[in-house]
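Written below as C-alpha cells is the structure these notes are about.
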Amino acid sequence: MVLRPSNPQQAVRAITALAALGVHHVELAWRADPAWVGECRELIQAFPGLRLGAASLCSAAALEDARSAGFSYAVSPVLDRDLVEQAGPDLVLVPGVMTPTEVHQARAWGCALVKLFPAAPLGASYWRRLVPPLGTSLPFCIAAGGLAAGDVLPWLEAGVDAVALGSSLRVSEASELDGEGPLRSLVASLTARSA
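Quick note, my numbering runs 97 ahead of the 1-based positions in the sequence shown.
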C-alpha cells in the first residue's frame, strides 16, 4: 500500500487500519517538507511490526531523507543508476521499470526488486509477455501505478510477485474497517489463495 497522508494523524489512522487488515508493507510518499523525516521516523518507531518504506523518490535528496528517517527500503518510479548506487547495502531501492531494456538494466545493476510502473495502462498480461524474452532470474516484480483492489488477483495470476495499491486507496476507506469494503474482501481473497 502506498499512502499520501496529509498529516501524521491521518497516517497513523491509515497504517493502524491497514495493519488490522493484515497488510505488512506500507509505503509513505516522500514530500519536500522539512517535517517529513521526523514524522516518518516517529511512524517507523510506532509500528515496529510493519515494514514501512519511502515512496516516490526521484532525487538524491529524497533518498537521503528516506535514509535519515530510518526506512529499510525506498521505491522510485524511475530507473536511475545514481540512485541505485547511492542506496547502497543499507537501504534497498526498488526502481521503477517499464520496458524490457529497463528490466534488463535493473537486473544487470543487481536490483533484486523492481516496480513495474505505471502498471494499469500496460494491462495484467504485460509482465507475462515480457518474461519469456528476458529469460530466468528476473527481479522480484511489484506492479504499481493506477491499480485498485480488484486488480490485485489478475496481476498476481499474470505472474507478478506483488501488487502495490496507492492512488486508488483513499485513507478514509482504510480507516473504515466495518463492513465488507474492497480492502477487507481483497485480504480475504489473498488469504484463501495462499491457504
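Just so it is clear, CB atoms sit at the ideal spot from N, CA and C, and this is done for glycine as well.
Subject >> Other residues of its chain near TRP206: CB distance less than 6 Å, five sequence neighbours each side excluded >> reply: In the sequence shown, counting from the first residue as 1, residue 206 sits at position 109. VAL181, listed in sequence order.
**OP:** For LEU176, verify whether its CB is less than 8 Å away from any heavy atom of the ligand NAD.
**Re:** What this structure holds is no ligand at all, so the ligand NAD is not there to describe.
Subject >> Straight-line Cα distance separating GLY135 from ALA166 >> reply: Sequence index remark: in the sequence shown, residue 166 carries index 69 (1-based). Sequence index remark: in the sequence shown, residue 135 carries index 38 (1-based). About 7 Å.
Original post:
Helix, strand or coil: how does DSSP classify ARG226 here?
Top reply: What you label residue 226 is simply residue 129 of the sequence shown in a count that begins at 1. Correct three-state label for ARG226: helix.
Original post:
What does a CB cutoff of less than 7 Å around GLN202 pick up in its chain, not counting 5 residues either side in sequence?
Top reply: Along the sequence shown, one-based indexing puts residue 202 at 105. The residues are LEU176.
Original post:
Between LEU210, VAL120, GLY232 and ALA184, which lies nearest to ALA246 when the distance is taken from Cα to Cα?
Top reply: Counted from its first residue, the sequence shown places residue 246 at position 149. The shortest C-alpha separation from ALA246 is found at VAL120.
Original post:
Of the residues GLY243, GLU199 and PRO215, which one's Cα is nearest the Cα of VAL228?
Top reply: Start at 1 with the first residue of the sequence shown, and residue 228 comes out as number 131. Closest by alpha carbon: GLU199.
Original post:
In terms of alpha-carbon separation, which member of SER173, ASP187, PRO215 and LEU118 lies closest to GLU124?
Top reply: In the sequence shown, the residue the question calls residue 124 occupies position 27. Looking at the Cα atoms, SER173 is the closest of the given residues.
Original post:
CYS238 by DSSP, collapsed to three states: which one?
Top reply: Position 141 of the sequence shown, counting from 1, holds the residue named residue 238. In this structure, CYS238 counts as strand in the three-state DSSP scheme.
Original post:
Taking all protein chains shown into account, do 16 or more other C-beta atoms lie within 10 angstroms of the C-beta of ASP162, making it buried, or fewer, making it exposed?
Top reply: Mapped onto the sequence shown, residue 162 falls at position 65. It counts as buried.
**OP:** Using three-state DSSP, classify ALA108 as helix, strand or coil.
**Re:** Walking along the sequence shown from the start, residue 108 turns up at place 11. It is helical.
Subject >> Three-state secondary structure assigned by DSSP to GLY263 >> reply: Mapped onto the sequence shown, residue 263 falls at position 166. The answer is coil: DSSP assigns GLY263 none of H, G, I, E or B.
**OP:** Determine which residues share a DSSP beta bridge with HIS122 and list them.
**Re:** Residue numbering aside, residue 122 sits at position 25 when the sequence shown is read from its first letter. HIS122 is bridged to ARG148.
**OP:** Go ahead and label LEU231 buried or exposed: buried means 16 or more other beta carbons lie within 10 angstroms of its beta carbon, across all protein chains shown.
**Re:** Counted from its first residue, the sequence shown places residue 231 at position 134. LEU231 comes out exposed.
**OP:** Identify whether ALA184 lies in helix, strand or coil by the three-state DSSP scheme.
**Re:** Residue numbering aside, residue 184 sits at position 87 when the sequence shown is read from its first letter. Reduced to three states, the DSSP call for ALA184 is helix.
**OP:** Could you tell me if ALA209 is buried or exposed, where buried requires 16 or more neighbouring beta carbons within 10 angstroms of its beta carbon?
**Re:** Along the sequence shown, read from residue 1 onward, the residue named residue 209 stands at position 112. Answer is exposed; the Cβ neighbour count stays below 16.
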